[in-house]
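What follows is a short report on a single structure.
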Amino acid sequence: MVSDYDFSDYSDKSLLRRIEKILSDYHLTFEELKIKLKTDRVFLEQVVRDITVNTTELFRDPKVWQTVKHRILKKLQEKESINIWHVGCSSGQEVYSMKVLLHEAGLADRAHQFATDVNTDMIERAKQGVYPYRFNLEYLDNYKQVVQINPLNYEEFNDIPFTNYFSVDEIRDTISVKPFLKQNIEFSKHNLVNEENIFKIKFDLILCRNVLIYFNNRLQNKLFQVFSDNLLRKGFLILGAHETILGTEAFNFIKHGHYYIKK
Ligand SMILES: C[S@@+](CC[C@H](N)C(=O)[O-])C[C@H]1O[C@@H](n2cnc3c(N)ncnc32)[C@H](O)[C@@H]1O
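Positions in the sequence shown are counted from 1; adding 169 to them yields the numbering used here.
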């Protein structure tokens, strides 16, 4: 059986940790794992899902979202239409965080979000937009820091309740995004290792956060070029808090705090 998954450019350390966990969870030796991957397609897909790390949260790293709100969306106000690509969107919290800010900025009708991930389970969860509630109570604090507080003026407090955008069901222990937040979002399966831009448009903003840390330098550099090639002039790129582009010039980017601008 031939598969087009290729993990050879994932960082050795994290891949090794994931494989060790898979061997232990499925009670397999490495040789048995190799044979099963070649013969069992369903198992192969499961292992791909097990290898990817899907941790995410609403308004993860609030300071980055404050920058999106107070700087980036301000610069996009003039545009007639805004295209955003969320690369490695996991279960969708990043996509809905952006949608809340687009709504607050009055840009939701003009903005189209394209959200991709290699893990199809995550894409399905993202489409549903239903998350465990109690486990994620810190969501509420992130929301407060980004949507309600203005870091440029702490005396200002925007009394925009969380429940404008999310429904909480304490008995079922779920928090769900309200249906209107799901408009203008396209979720698709996409593998960064062997696919470039599947949407055939250029973007105003690309977010690829906490994905590149799992890749080696060669693949990271290839992807910086893909992002640069698929951003409009003066478009924005946001990476994870611990991810940076070394040699921004080579990829035609200028760094501004939490984000990069395509020259
Ligand atoms: C840690 S999550 C980051 C989620 C979100 N961007 C955030 O920062 O909260 C990393 C995501 O990258 C995805 N990923 C890993 N390898 C990928 C690949 N080759 N192509 C596309 N997505 C990939 C994983 O499935 C996972 O959902």
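Backbone N, C-alpha and C define an ideal beta-carbon position, used for all residues, glycine too.
Spanning the alpha carbons of D373 and Q215 requires a straight line of approximately 34 Å. Non-local C-beta neighbours of I204 in its own chain, meaning closer than 7 Å and more than five positions away in sequence, are absent. According to DSSP, L376 shares a beta bridge with H255, I407.
Ranked by how close their Cα comes to the Cα of E365, the residues R378, D286, K248, R341 have D286 in first place. With a cutoff of 8 Å, R303 does not count as near ligand 1, since its C-beta is closer than that to no heavy atom of the ligand. In chain order, L321 place their CB closer than 7 Å to the CB of H239, counting only its own chain and leaving out the 5 sequence neighbours on each side.
V269 counts as buried, since at least 16 other C-beta atoms from the protein chains shown sit within 10 angstroms of its C-beta. In the displayed model, E365 falls within coil according to three-state DSSP, outside both helix and strand.
Rounded to the nearest angstrom, the Cβ distance from N327 to Q317 is 5 Å, consistent with a contact under 8 Å. Not a single heavy atom of ligand 1 lies less than 8 Å from the C-beta of Y334. In the structure shown, A284 falls within a strand segment according to DSSP collapsed to helix, strand and coil. Taking 8 Å as the cut-off, one finds at least one heavy atom of ligand 1 near enough to the beta carbon of T224. The alpha carbon of D278 has as its nearest neighbour, out of Q246, S259, K207, the alpha carbon of Q246. Here the stretch 249 to 263 lies against the stretch 288 to 303, with 3 or more beta-carbon pairs under 8 Å apart. With a cutoff of 9 Å on beta-carbon distance, A280 and I241 are scored as not near each other. For Q262, the CB falls within less than 8 Å of some heavy atom of ligand 1. Short of 6 Å from the beta carbon of A274, and not among the five residues preceding or following it, lie these beta carbons of its own chain, in chain order: L242. The C-beta distance from G404 to K431 rounds to 5 Å, short enough to fall under 8 Å.
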